[in-house]
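Enquirer:
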C-alpha cells in the first residue's frame, strides 16, 4: 500500500527577477514502511519534494496524497493537523527548542496533541531510552553533542507515532561515525515501529542505508532503484 | 509547559528583559506615586476648604452669596433647623453662624476681616478653629467680649493675648455698629490668608452688636459620609424650596477647588497616557526583537503542527510575565515610597506663597486611592498585552519554509 503518492508535481520559485523551476513533473509512489532516500546534488529539488509531502509547501500543479489525504484539498489548519498527528520531521540543523530539556523537547509535540502530562512524560522517557539517551533527560540542547541533539530530534519525530518521518539531510552536520549511529537508530525505528522514513540527502552513507533510492537532477527523476542491504 | 516555556524564553536575553521590565517598573511606580501625590494635594485642598468654615453643605438666604450683608440673613432659623433635624442622616452635625464683613482695628492698624459669630460648643464639632488654638483658648458661650484671631492677623496688628481689638460693621438698622473685644485666643491655620481673614466672637455677641435678634447668616453642615453630599443637598433643597433660603454643596461653594479637582483628574489621565505610550513602544520593540531572533524556531513549531493561535498565545504569555513581574515590583516600590512619607509628608514650604494661592497646604501627604492603583495596573496590563499582539501576529505569520531558511 502506498503511503505517499506524487503525480506529476511541478513547482516554480521566483528568485529575484528569475524564475527557477525546482520540480518539472515528478511522480513518486512510496510504500508504507519504506526506508526511502531522495538523492541529488544541491538545487536538484529534493528538499522541495520533502516540503511538499510534509504540507510545508504546495505544488503549482500535480497531485499529492499522503496517508490517504489529498493535500491540495486541505487548508492550512488541516495541513497543520496532518503534520501534528501523521508526520514527524528531522531537520539538518537539529532545530530543538533551546530553553527546553531533551525530555521537554520530546514531550512538546505530545503537548500540542493534547496528550495528558503523565502519559506524555512516560512516553518521552521511553523513546529517549530507545535512542540511547536515558541519562540525558534534563540536559538542554546546548549541553548535548550534535549526534545527541539529532537523536533527540529523531525521538521527537517518532514519539507521536507518525505514519511518516521526513528527514532532510539529517547527517549533514555530523561526523561519519555519529551519522552512522543515527542511521542505524532510524533503521531500527523503521523496523520496530514500522514508520516510513523518507530522506533527502547527498550523503552516500544514507544512500547506502536506504532500501529504495530515487535520484533527482534538475527537478526530474533520473533513477529509481530498490536495493537490498 | 507553555508557561514554563514563556518564562524561560524571557530570560534568554536577561539584559533586554531587565531593560524593558525597568520601563514597566518605573512606569507603574510613577503612576502610583504621582497619582497618590496629586490625590494628596486635591484631598487636602478639599479638606482645607471644607474645614475652613465651608462644611459639606450650607444653607443661606437666597441673596446672601451675591451680597453677604446683614439684610440677607435667615431671620427664622427654627424652621430651617426643624427641616435639618428631619432630613439629615444620623450622625450629621450642623452649626449656625453670623458672618459679615467688618473692619478690625487697634491703635496701630486696621484691616478688613470677616466677622464670624459662632456657638462655641457646636462650632467645635464642625470647623477647624477650636482645634487650631495655639495661644489662649477658644470661645466659651459666656464670652460677651472675647475674640479669637489668627496668628498672622495678630502679628500684623502687633498685638497679643489679652489686648483689645475693635470691630466695626453695619447693623440691621444700617447704622455703624462697633464694639471692643479682648483677644482670648490666637489660632493657626493651613493658610496665612485664613489667619488674616477670620475673627471669631460668640453668636450672641454678634447678634447683639448687629441688632440681629435671632437672625443668622448661614448654617454649616458636616455629614458622616461625604459621598452623601449630593443626595442630601437635593433633599434639603426640595424641603426648603418654598422658602427664601437656598442650599449649596461644597462643590458649588468652592468652584475653584472643584475646577482644580477636575484639572488634576485630567493631569492624572495625561500622565498615565504618556507613561503608557513610552512604555508601550519599548514593549513592542523588545517583543519584536525577541520574535525576529527566533524566526527559525517559529518555523519549526509550525512545521511540527503548531497552529498560529498557539504561537500568538506563546508570545503573549512572554509579555504577560514581563508585565506581571514589572507590575509587582513597580507596585511594591510605589507603595513603599508612599508609606515612607506619611509621618513627614513632602514639605513645599519654599513654595508656600504659590501653594496658598492655589489653595494648597505647605506639606503634602500622598494618598493612595484604590481606583488609581487599579486603573494604573489595568492600563499597563491590558494595553501592554494589546500592543504585544502585533509582534505575536508577526510570529504566527512566518511560513515554515521561509522561517527555517532564515539565517
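Chains as they are written, first to last, in our numbering: chain S, 234 to 462; chain Y, 1087 to 1493. All C-beta atoms in this analysis are idealised placements derived from N, C-alpha and C, irrespective of residue type, glycine included.
Determine the chain S residues that contact residue 1095 of chain Y at a beta-carbon separation under 7 Å, and present them in chain order.
Expert: Those within 7 Å of residue 1095 of chain Y in chain S are 332.
Enquirer: Using 8 Å as the threshold, is the stretch 1137-1150 of chain Y in touch with the stretch 1307-1315 of chain Y, meaning 3 or more CB pairs across them?
Expert: Touching, yes.
Enquirer: Exposed or buried, residue 341 of chain S, counting other C-beta atoms within 10 Å across all chains shown (16 or more means buried)?
Expert: That one is buried.
Enquirer: Going by alpha carbons, who is nearest to residue 397 of chain S out of S:321, S:420, S:235 and S:419?
Expert: Minimum Cα distance to residue 397 of chain S is reached at S:321.
Enquirer: Would you please verify whether the beta carbon of residue 313 of chain S is less than 7 Å from any beta carbon of chain Y?
Expert: By this cut-off, residue 313 of chain S is an interface position.
Enquirer: Within 10 angstroms of its Cβ, does residue 1190 of chain Y collect 16 or more other Cβ (buried), or is it exposed?
Expert: By the 10 Å Cβ count, residue 1190 of chain Y comes out buried.
Enquirer: Got a sec: which bits of the stretch 330-360 of chain S sit with their beta carbon under 9 Å from any beta carbon on chain Y, in order along the chain?
Expert: Correct list: 330, 331, 332, 333, 337, 340, 341, 342, 344, 345, 346 and 350.
Enquirer: From which residue to which residue does the beta strand (DSSP E) around residue 1271 of chain Y run?
Expert: Here the beta strand (DSSP E) through residue 1271 of chain Y covers 1262-1273.
Enquirer: Classify residue 1185 of chain Y: buried if its beta carbon has 16 or more other beta carbons within 10 angstroms, exposed otherwise.
Expert: Flag for residue 1185 of chain Y reads buried.
Enquirer: Starting from the N-terminal side, write out each stretch of the beta strand (DSSP E) that is 3 residues or longer and does not extend beyond the stretch 369-422 of chain S.
Expert: Listed in chain order, they are 397-401.
Enquirer: Looking only at its own chain, which residues have a Cβ that is under 8 Å from the Cβ of residue 1335 of chain Y, when we skip the five neighbours before and after it?
Expert: Contacts found: 1142, 1143, 1315, 1316 and 1319.
Enquirer: For residue 322 of chain S, which residues does DSSP report across the bridge?
Expert: Per DSSP, S:399.
Enquirer: As an exercise, report each continuous beta strand (DSSP E) stretch of at least 3 residues that is fully enclosed by the stretch 1320-1356 of chain Y, in chain order.
Expert: Taking only runs of at least 3 residues, the beta strand (DSSP E) segments lying wholly in the stretch 1320-1356 of chain Y are 1331-1335.
Enquirer: Taking Cβ positions, are residue 445 of chain S and residue 431 of chain S nearer each other than 7 Å?
Expert: Contact: no.
Enquirer: My guess is that residue 241 of chain S and residue 258 of chain S are in contact by the Cβ rule of under 8 Å, so how many angstroms apart are they, rounded?
Expert: With a Cβ gap of about 5 Å, residue 241 of chain S and residue 258 of chain S count as contacting.
Enquirer: On the CB-based measure, 16 or more other CB atoms within 10 Å of its CB, does residue 1216 of chain Y come out buried or exposed?
Expert: So residue 1216 of chain Y ends up on the buried side.
Enquirer: Whose Cβ in chain Y lies nearer than 7 Å to the Cβ of residue 284 of chain S?
Expert: 1487, listed in chain order.
Enquirer: Can you tell me the Cα-Cα spacing of residue 236 of chain S and residue 318 of chain S, whole angstroms?
Expert: Roughly 15 Å separates the two Cα atoms.
Enquirer: Classify residue 1255 of chain Y as helix, strand or coil using the three-state DSSP reduction.
Expert: It is a strand residue.
Enquirer: Taking the alpha-carbon of residue 1346 of chain Y as reference, which of Y:1128, Y:1286 and Y:1087 has the nearest alpha-carbon?
Expert: Of the listed residues, the one whose Cα sits closest to residue 1346 of chain Y is Y:1128.
Enquirer: Below 9 Å between beta carbons is the criterion; list the residues of the stretch 1098-1111 of chain Y that meet it against any residue of chain S, in chain order.
Expert: Result list: 1098.
Enquirer: From what residue to what residue does the alpha helix (DSSP H) around residue 1161 of chain Y run?
Expert: Per DSSP, residue 1161 of chain Y belongs to no alpha helix (DSSP H) and is neither H nor E.
Enquirer: Between the alpha carbons of residue 1484 of chain Y and residue 1384 of chain Y, how many angstroms are there, rounded?
Expert: The straight-line gap from Cα to Cα measures roughly 7 Å.
Enquirer: Throw me the rounded Cβ distance for the residue 1249 of chain Y and residue 1227 of chain Y pair, which I believe falls under 8 Å.
Expert: Contact flag wrong, Cβ pair sits at about 23 Å.
Enquirer: Can you tell me whether residue 1180 of chain Y is buried or exposed, with buried defined as 16 or more other CB within 10 angstroms of its CB?
Expert: When all chains shown are included, residue 1180 of chain Y counts as buried.
Enquirer: In chain S, what lies closer than 9 Å to residue 1382 of chain Y by C-beta?
Expert: What residue 1382 of chain Y touches in chain S: 326 and 328.
Enquirer: Among S:392, S:409 and S:293, which residue has its Cα nearest to the Cα of residue 425 of chain S?
Expert: Per the Cα distances, S:392.
Enquirer: Can you tell which of S:277, S:382 and S:234 has its C-alpha closest to the C-alpha of residue 455 of chain S?
Expert: Here the closest residue by C-alpha is S:277.
Enquirer: Of the residues S:418, S:406 and S:344, which one's Cα is nearest the Cα of residue 1396 of chain Y?
Expert: Of S:418, S:406 and S:344, the residue nearest in Cα terms is S:344.
Enquirer: In this structure, how does DSSP classify residue 1195 of chain Y when only helix, strand and coil are distinguished?
Expert: Three-state result, residue 1195 of chain Y: coil.
Enquirer: Using a Cβ cut-off of 7 Å, which residues of the stretch 389-401 of chain S contact any Cβ in chain Y, in chain order?
Expert: So nothing in the stretch comes that close.
Enquirer: In chain Y, which residues lie with their C-beta within 7 Å of the C-beta of residue 300 of chain S?
Expert: Those do not exist, as residue 300 of chain S stays about 14 Å from chain Y at its closest Cβ, beyond 7 Å.
Enquirer: When the Cα of residue 1295 of chain Y is compared with those of Y:1259, Y:1324 and Y:1284, which residue comes out closest?
Expert: Residue Y:1259 is the option with its Cα nearest to residue 1295 of chain Y.
Enquirer: Taking residue 1476 of chain Y as the reference, give the member of Y:1373, Y:1379 and Y:1101 with the closest Cα.
Expert: When each option's Cα is compared against that of residue 1476 of chain Y, the closest is Y:1373.
Enquirer: Rounded C-beta distance between residue 1255 of chain Y and residue 1266 of chain Y? I'm assuming under 8 Å.
Expert: Their Cβ separation, rounded to whole angstroms, is 13 Å, which puts residue 1255 of chain Y and residue 1266 of chain Y out of contact at 8 Å.
Enquirer: Who pairs with residue 246 of chain S in a beta bridge, going by DSSP?
Expert: DSSP, once it has assigned bridges, lists S:253 as partnering residue 246 of chain S.
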